[in-house]
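Under my numbering, the very last position in the sequence shown is 126; numbers go up by exactly one each time.
Cβ coordinates follow ideal geometry from the N, Cα and C atoms, glycine included.
Predicted model, so just to flag it, every value in this text is computed and none were measured.
For reference, the structure discussed in these notes is given below.
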Amino acid sequence: MTMIGCIKKLLVLAFFSFCLTSCYYHNEADLYPCTSTSITYSQTIKPLVDSRCVSCHNGSSTTSLPGLYDFRDYNILKRVALTDSVYKAVTGQFPGKPKMPYGGPYLTDCELSQIQTWTMLGAPF
Numbered sequence: 002m003t004m005i006g007c008i009k010k011l012l013v014l015a016f017f018s019f020c021l022t023s024c025y026y027h028n029e030a031d032l033y034p035c036t037s038t039s040i041t042y043s044q045t046i047k048p049l050v051d052s053r054c055v056s057c058h059n060g061s062s063t064t065s066l067p068g069l070y071d072f073r074d075y076n077i078l079k080r081v082a083l084t085d086s087v088y089k090a091v092t093g094q095f096p097g098k099p100k101m102p103y104g105g106p107y108l109t110d111c112e113l114s115q116i117q118t119w120t121m122l123g124a125p126f
């Protein structure tokens with residue numbers, strides 16, 4: 002290999018090393034800061050519940066366990082949330098009951114904050 006070929010390879014390696022180590026954001030929270038103000042069901046809570054809860058809490062006799070609330074229904078979710086039961090369930094505060102979502106992955110601190118804020122605001126649509 003020629004000296005010019007070695008220099009080119011070193012420059013390419015140095016460039017990629019620089020690119021990989023120069024990223025300012027090192028985690029998802031820095032890239033997407035948590036918003037816990039102006040929390041509404043339609044903009045924040047529904048997408049969260051749809052992605053993390055309704056696989057079980059859907060009212061279906063084939064995919065939902067008996068007795069689980071149907072969280073696709075805003076009014077049901079609001080009623081349960083206003084008793085603080087949703088927040089207690091996702092933070093594991095019910096003795097003898099598993100933390101939700103059952104089996105994980107559990108909600109992030111941001112998602113927990115959003116649920117708590119939404120509940121404290123009266124669960125606005």
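Looking only at its chain, what residues have a beta carbon closer than 6 Å to the beta carbon of residue i, apart from the 5 residues adjacent to it on each side?
| i | result |
| --- | --- |
| Y79 | Note that residue 79 is Lys in the sequence shown, not Tyr. The answer, listed in chain order, is A124. |
What is the residue span of the alpha helix (DSSP H) that residue i lies within?
| i | result |
| --- | --- |
| R53 | K47 to R53 |
Could you compute how far the alpha carbon of residue i sits from the alpha carbon of residue j?
| i | j | result |
| --- | --- | --- |
| F95 | Y88 | 10 Å |
| T45 | Q115 | 8 Å |
| Y103 | K47 | 18 Å |
| M101 | S39 | 24 Å |
| A90 | L113 | 11 Å |
| T63 | V55 | 13 Å |
| L122 | S52 | 22 Å |
| C111 | T36 | 8 Å |
| Y1 | Y33 | With the chain represented from 2 up to 126, any question about residue 1 goes unanswered, as that position is not in the structure. |
| L66 | F126 | 27 Å |
| K10 | S43 | 52 Å |
| L69 | P106 | 19 Å |
| I155 | D71 | In the structure displayed, the chain extends from 2 to 126; residue 155 sits before or after that span and is not available. |
| S86 | W119 | 13 Å |
| C57 | T41 | 22 Å |
| A82 | V50 | 12 Å |
Does DSSP put residue i in a helix, in a strand, or in coil?
| i | result |
| --- | --- |
| S43 | helix |
| Y70 | coil |
| Y75 | helix |
| G6 | helix |
Quick one: residues in its chain with C-beta nearer than 7 Å to the C-beta of residue i, no 5 flanking neighbours on either side, listed in chain order?
| i | result |
| --- | --- |
| R73 | V55, N59 and G60 |
| G93 | K100 |
So that I know if they touch, is there some Cβ in chain C lying closer than 8 Å to that of residue i?
| i | result |
| --- | --- |
| P34 | The structure shown has no chain C; it contains just one protein chain. |
Length at least 4, wholly inside the segment 77 to 123: the alpha helix (DSSP H) runs in chain order: 86 to 91 and 110 to 121
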